[in-house]
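Asker: After the structure tokens below, expect a handful of questions from me.
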Amino acid sequence: MCLKAEQINENTKWQDLTEGLQIYEPATSKLFQTGEWRTETPVWNREKCRNCLLCVPYCPDSCILVKEDKRQEFDYDHCKGCGICAKVCPFGAIEMESPGE
Amino acid sequence: MPIKTRMSGNEAVAHAIKQINPDVMPAFPITPSTEIPQFVASMIANGEIDTEFIPVESEHSAMSAAMGASAAGARAVTATSSCGMALMWEVLYVAASSRLPIVMALVNRGLTGPLNINAEHSDSMGARDSGWIQIYAENNQEVYDNFLQAHRIAEHKDVRLPVMICQDGFITSHAVQNITLWEDQAIRDFVGEYQPEHYLLREDEAMAVGPYALSPYCMEAKKAQAEAMKRAKQVILDVADGFEKITGRHYGLFEEYRLEDAEYAVVAMGSVCGTVKDAVDAMREQGRKVGLLKLRVFRPFPGREIGAALRHCKAIAIMDRSESYSSQGGPLGAEVTAALYRAKASAETVNIMYGLSGRDVRVEEIRGIFEELEKLAAGEVSYPEYPYLGLRDGTEDLLNR
Amino acid sequence: MEQKAFQFREIQARQERLAPGHRMCAGCGGSIAVRNVLKALHPGDKAVVGNATGCLEVSTYMYPYTAYEDSYIHSAFENAGATLSGVETAYRVLKKKGKISSEYKFITFGGDGGTYDIGLQSLSGAMERGHDMVYVCYDNGAYMNTGTQRSSATPMYADTTTTPSGTVSQGKPQARKDLAGILAAHNIPYVGQTTFIGNMKDLYVKSERAIYTPGAAFLNVLAPCPRGWKYNAPDLMEICKLAVETCYWPLFEVIDGKWILNYKPSHKLPLEDFLRKQGRFQHLFQPGGEPFLQAFQEEVDRRWEELLARCGE
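So this is what it looks like as structure tokens:
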């Protein structure tokens with residue numbers, strides 16, 4: 724019986740799916756890359772950033788990580804490019820870029 | 004050690020719950036099952052069991068809370084009837100597809116309408132496709148015995164499906180009859196501790212229950228659930244064997260009562276089977292070859308076994324206590340007839356609607372049915388439709404045409 | 041209750057309990073609510089998360105992808121309260137029987153459809169029975185999962201797919217149900233109403249209080265939906281601020297029956313400022329819309345005054 728989410732896909736046999744379609748691991752959604760949805764991309768300007776972290780709680784996709792009290796690069800695997808962070812930033816340190824730019 | 008006493012069907016369930024000492028029981032009162040949560044609440048109030056009773060505000064919440072408790076790793080039971088189970092309907096399916104081994108005492112009562120509180124199988128028959136195992140009882144003894152076996156069946160790794168233990172409202176639930184109980188320790192040893200593999204509160208594992216599943220997964224998940232239901236048949240028999248070793252009482256998927264050489268048979272479930280047995284005994288004394296197939300397990304449906312058991316009969320009356328409004332008869336009629344067809348049986352059949360909303364059934368009426376079966380086999384009568392037993396239709400006919 | 045001081049930076053560094061990769065729309069307020077409520081769990085504490093059917097459910101646990109770090113259960117649309125009450129009860133029994141030793145918290149999420157409407161009975165039952173759990177409503181003011189049908193949380197005059205504005209219609213005729221008031225009437229130890237303001241202190245403090253107050257707690261979080269409200273998704277913070285500054289969405293708590301106003305705007309902004317940003321109210325800004333704007337303003341004023349009186353302000 725295959726139990727790991729990463730081994731389960733649309734070709735998995737019925738015998739191998741988890742019982743009752745339960746999952747026995749945390750946070751398997753990380754395996755799904757919602758970054759592909761993005762039409763505009765937030766770009767972090769480290770020079771303008773004052774590390775106030777205000778953008779962090781406003782991200783609907785938990786894509787702005789904090790390590791040792793410091794903001795990290797965007798998680799582009801999952802960022803959907805909603806643009807909330809750019810608007811929230813008091814210092815103009817996040818700009819939204821379209822593919823053409 | 005057997006303990007001989009007297010109890011009603013509801014008391015028998017409550018006593019079984021006391022011996023099992025389940026973890027959680029959410030329930031909402033509805034006639035005729037109300038006594039069961041009352042008895043359990045009293046036991047809790049007097050410190051006789053550790054069960055937590057959840058006095059929910061509806062049956063929908065009763066089944067939802069049972070689902071939550073079961074997924075969390077607790078042994079969960081509930082009790083209901085009729086419209087109460089109808090209100091649970093949605094969650095019955097969710098509980099089964101989530102593979103949660105909840106046990107429910109169902110005291111069968113007709114669904115409204117008209118509003119009525121008496122015995123009928125329309126509640127459980129309506130839920131026959133919900134994915135629950137359904138086990139029916141003829142009397143209080145069987146209710147007790149079935150309930151004691153339910154957790155073992157539901158929790159078995161080959162099954163992991165919820166089970167409803169059915170008894171007829173009032174006729175069984177409220178009538179006090181002799182019963183043989185067994186001592187607590189023997190029962191607890193038989194039922195055993197619940198040790199689920201995965202559960203929400205497992206401290207070293209995060210678990211997710213109840214996903215949205217896209218189409219590529221649903222059909223496969225349903226197949227897995229259907230296979231578990233098929234496997235339940237053997238598990239039910241194995242658990243019954245274990246139960247027989249302790250108590251000496253034998254249970255199968257159905258009971259064959261003087262059926263071996265019977266030419267005319269009645270197929271029925273629930274309390275009416277006692278009445279049928281009386282009729283069979285009386286007619287056997289006259290040398291008539293009549294018998295009964297008393298179905299105990301309706302889900303999973305033992306179609307192959309039923310076909311084999313009835314194959315030799317000349318005429319069969321299939322008794323339904325639930326109108327399906329299909330214009331073809333009741334659910335038992337449909338499924339038993341299909342089983343006979345697959346068994347290449349040549350018996351004539353008639354599907355009889357009886358006992359709706361608690362309508363009484365008398366031994367003489369069952370004898371009358373056997374007599375009709377003899378005529379049916381001889382080609383003297385025919386029943387192109389499904390007759391009602393004891394219906395006022397302005398004729399003297401036992402079965403209306 | 042053990043409540044820690046609000047330390048913004050420490051909180052942001054905590055482990056995410058709502059993982060990325062869920063399928064909520066870009067800019068969804070619901071996921072911001074869930075993330076921040078769950079961040080109020082103290083690091084190391086265990087939780088079981090419940091969920092009513094809705095956007096959140098179909099997006100955060102689409103097989104085989106769960107977005108939750110903690111154990112999670114979804115059963116149906118209208119039974120999130122009852123389902124989690126079963127989990128919580130199981131916890132108490134298993135603890136009593138010595139089968140588990142860890143401390144768990146129980147938090148369930150529902151949209152306004154699952155909370156104000158179809159799940160109100162189940163919620164009421166769970167709260168009245170006093171289970172040690174938090175029910176969080178992420179209120180986006182319509183049935184967004186099925187395509188923006190009106191709910192009893194939908195503000196008056198909003199254009200929804202079942203109360204469309206048209207030549208003879210100004211959108212939803214009725215005003216919003218006062219759910220926090222209904223929950224307060226259950227006499228539970230904690231009720232809070234909040235949204236996304238500033239550095240989210242209000243949301244954090246209320247979430248923590250709700251989670252760590254023994255007994256039943258309810259939290260109502262205004263969670264803008266860019267699609268349903270028809271506003272520019274990046275403007276979320278501004279929309280929430282306007283909801284509060286116009287007193288459309290006051291911030292308050294009811295602790296052990298005592299009503300407490302958490303914020304009183306020094307200059308209450310006209311409701312129009314909040315409505316104008318949203319497409320669902322655009323018909324009110326067409327010629328002939330003035331009386332409806334006025335009626336809506338009066339409704340907001342009346343409720344605000346009522347709240348001030350309840351809070352002894």
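Line order of the protein sequences matches chains D, X and F. Heads up: the first sequence begins at 724 in the working numbering, then just goes up one per residue. Heads up: the second sequence begins at 4 in the working numbering, then just goes up one per residue. Heads up: the third sequence begins at 41 in the working numbering, then just goes up one per residue. All C-beta atoms, glycine included, are put in the ideal place defined by N, C-alpha and C. Every value quoted in this text rests on a predicted model; they were computed, and no experiment measured them.
(1) Could you please give me the residues that DSSP links to X:M210 through a beta bridge?
(2) Mapping DSSP to helix, strand and coil, what is F:G150?
(3) Can you name the residues of chain X whose CB is closer than 7 Å to the CB of D:L740?
(4) Helix, strand or coil for X:K160? Go by DSSP, reduced to three states.
(5) Start and end of the alpha helix (DSSP H) containing F:T202?
(6) Under DSSP, the beta strand (DSSP E) around D:R794 begins and ends at which residues?
(7) For X:V270 and X:L262, I'd like the C-alpha separation in whole angstroms.
(8) Give the straight-line distance between the Cα atoms of X:A209 and X:I321, rounded to the nearest whole angstrom.
(9) What does the alpha-carbon distance come out to for the pair X:N121 and X:S329?
(10) Does the beta-carbon of X:Y147 have 16 or more other beta-carbons within 10 angstroms, so that it is buried, or is it exposed?
(11) Which bits of chain D does X:A406 rub up against, with CB to CB less than 9 Å?
(12) At 8 Å on the CB atoms, spell out the chain D contacts of X:A216, in chain order.
(13) Counting only Cβ pairs nearer than 7 Å, list the residues of chain F close to X:M70.
(14) Classify X:I6: buried if its beta carbon has 16 or more other beta carbons within 10 angstroms, exposed otherwise.
(15) Here's the rule I'm using: 16 or more other beta-carbon atoms within 10 Å means buried, otherwise exposed. How should F:P104 be labelled?
(16) Give me the subset of the region 230–264 of chain F whose CB atoms are less than 9 Å from a CB atom of chain D, sorted by chain position.
(17) Using a 10 Å radius around the Cβ and a threshold of 16 neighbouring Cβ atoms, would you call X:F304 buried or exposed?
(18) Using a Cβ-Cβ distance under 9 Å, would F:I300 count as near chain X?
(19) Residues of chain F with a CB under 9 Å from the CB of X:P29: which are they?
(20) By Cβ distance below 8 Å, which residues in the same chain neighbour X:S327 in space, the five residues on each side in sequence not counted?
(21) Rounding to the nearest angstrom, what Cα-Cα distance links X:T8 and X:N149 in this structure?
(22) Contact criterion: CB-CB distance below 9 Å. Does F:L134 meet it with respect to chain X?
(23) In whole angstroms, give me the CA-to-CA distance for X:A341 and X:G213.
(24) In the DSSP assignment, what residue or residues form a beta bridge with F:H114?
(25) Taking only beta-carbon positions, decide if F:N140 is within less than 9 Å of chain X.
(26) What is the DSSP secondary structure of F:S209, counted as helix, strand or coil?
(27) With F:I9 as the anchor, note down where its beta strand (DSSP E) starts and where it stops.
(28) Does any residue of chain D have a CB that is nearer than 9 Å to the CB of X:R163?
(29) Compute the beta-carbon to beta-carbon distance between X:A282 and X:V179, rounded to the nearest angstrom, for a pair I have assumed lies under 8 Å.
(30) Would you tell me roughly how many angstroms separate the C-alpha atoms of D:Q795 and D:E770, rounded to the nearest one?
(31) Under 7 Å Cβ-Cβ, which residues of chain D neighbour X:H201?
(32) How would you call F:H307, buried or exposed, if buried means at least 16 neighbouring beta carbons within 10 angstroms?
(33) Using a Cβ-Cβ cutoff of less than 7 Å, which residues in the same chain neighbour F:C287 once the five nearest sequence positions on both sides are dropped?
(34) So does the region 766–786 of chain D actually touch the region 86–94 of chain F, counting three or more Cβ pairs closer than 8 Å?
(35) What residues in the region 94–106 of chain X have a beta carbon less than 7 Å from any beta carbon of chain D?
(36) Given this structure, state the Cα-to-Cα distance separating X:G195 from X:K160, to the nearest angstrom.
Answerer: Well, looking at it:
(1) According to DSSP, X:M210 bridges with nothing at all.
(2) DSSP, read as helix, strand or coil, puts F:G150 in strand.
(3) Within chain X, the residues Y220, E223, A224, A227 have their CB atoms less than 7 Å from the CB of D:L740, given in chain order.
(4) When secondary structure is reduced to three states using DSSP, X:K160 falls in the coil class, being assigned neither helix nor strand.
(5) Counting along the chain, F:T202 falls outside any alpha helix (DSSP H), and DSSP gives it neither H nor E.
(6) Per DSSP, the continuous beta strand (DSSP E) segment holding D:R794 begins and ends at 793–797.
(7) Going by C-alpha positions, X:V270 is about 10 Å away from X:L262.
(8) Those two C-alpha atoms are separated by around 49 Å.
(9) The alpha-carbon atoms of X:N121 and X:S329 are separated by roughly 22 Å.
(10) Under this definition X:Y147 is a buried residue.
(11) Absent from the structure is residue 406 of chain X, since the part of chain X shown begins at 4 and ends at 404.
(12) Chain-ordered, the chain D residues with CB closer than 8 Å to the CB of X:A216 read L744.
(13) Chain F residues near X:M70: S115, T123, G126.
(14) Counting Cβ neighbours within 10 Å, X:I6 comes out exposed, since fewer than 16 surround it.
(15) Burial is judged here by how many other beta carbons sit within 10 angstroms of a residue's own beta carbon; F:P104 has at least 16 and is buried.
(16) Per Cβ criterion, the list reads F236, G238, N239, M240, L243, Y244.
(17) Flag for X:F304 reads buried.
(18) No, its Cβ sits nowhere closer than 9 Å to a Cβ of chain X.
(19) Simply A122, S125, G126, T129.
(20) When the five nearest sequence neighbours on each side are left out, the beta carbons in the same chain lying within less than 8 Å of the beta carbon of X:S327 are those of M128, G333, P334, A337, in order along the chain.
(21) Looking at the two C-alpha atoms, the distance is approximately 18 Å.
(22) Yes, its Cβ sits closer than 9 Å to a Cβ of chain X.
(23) When the Cα atoms are used, X:A341 and X:G213 turn out to be separated by approximately 34 Å.
(24) DSSP lists F:N91 as partners of F:H114.
(25) It should be pointed out that residue 140 of chain F corresponds to Ile in this sequence rather than to Asn. F:I140 counts as touching chain X.
(26) Correct three-state label for F:S209: strand.
(27) Summary: the structure shown does not reach residue 9 of chain F, with chain F confined to residues 41 through 353, and so no result is reported for it.
(28) Closer than 9 Å to the CB of X:R163 there is at least one CB belonging to chain D.
(29) About 24 Å separates the two Cβ atoms, so there is no contact after all.
(30) Cα to Cα, the separation comes out at about 13 Å.
(31) By Cβ distance, chain D contributes Q745, Y747.
(32) Its Cβ having fewer than 16 others within 10 Å, F:H307 is exposed.
(33) So the qualifying residues of the chain are P305, K308, V340, W344.
(34) Two segments are said to touch when three or more pairs of C-beta atoms, one from each, lie closer than 8 Å; by this definition the region 766–786 of chain D does not touch the region 86–94 of chain F.
(35) From the region 94–106 of chain X, only S100, S101, R102 have a Cβ closer than 7 Å to chain D.
(36) Roughly 14 Å between the two C-alpha positions.
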